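Report on the structure given below.
Numbering (our numbering), first residue to last: -16 to 76.
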């Protein structure tokens, strides 16, 4: 699991997306947090479920119907997962 951020602080706010990938590198679940400060709400994000984490990280796969800041945050989250996976495969922690 990893968390990514997208959007701008003062132009519509930011979005935080948490994605979980399985051993097969497919997204199993997702959550999105949108809003300002204490008023932010978390919601289940199913638009990426079943997508390849590599396709999301490269930007080849986006969820149509989601705002750009959510798409950016999902891409960032996927990139973190790919980096972590590659470190583990290389023998690091």
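Yeah, the Cβ is synthetic: ideal placement off N, Cα and C, and Gly gets one too.
Predicted model only: the values in this text are computed from it and were never measured.
Which residue wins for smallest C-alpha separation from residue i, given the options the options?
| i | options | result |
| --- | --- | --- |
| residue 28 | -14, -8 and 73 | -14 |
| residue 37 | -6, 26, 8 and 70 | 8 |
| residue 46 | 13, 23 and -6 | 13 |
| residue 16 | 55, 6, 68 and 63 | 55 |
With a threshold of 16 other CB atoms inside 10 Å of the CB of residue i, please say whether the residue is buried or exposed.
| i | result |
| --- | --- |
| residue 49 | buried |
| residue -3 | buried |
| residue 4 | buried |
| residue 64 | buried |
Suppose you measure from the CA of residue i to the CA of residue j; what does that come to, to the nearest Å?
| i | j | result |
| --- | --- | --- |
| residue 34 | residue 0 | 15 Å |
| residue 2 | residue 11 | 8 Å |
Report all residues from its chain with a CB closer than 6 Å to the CB of residue i; omit the five preceding and five following residues, and keep chain order.
| i | result |
| --- | --- |
| residue 44 | 34 and 38 |
So is the beta-carbon of residue i under 7 Å away from any non-hydrogen atom of the ligand ADP?
| i | result |
| --- | --- |
| residue 58 | Because no ligand of any kind appears in the structure shown, any question about the ligand ADP cannot be addressed here. |
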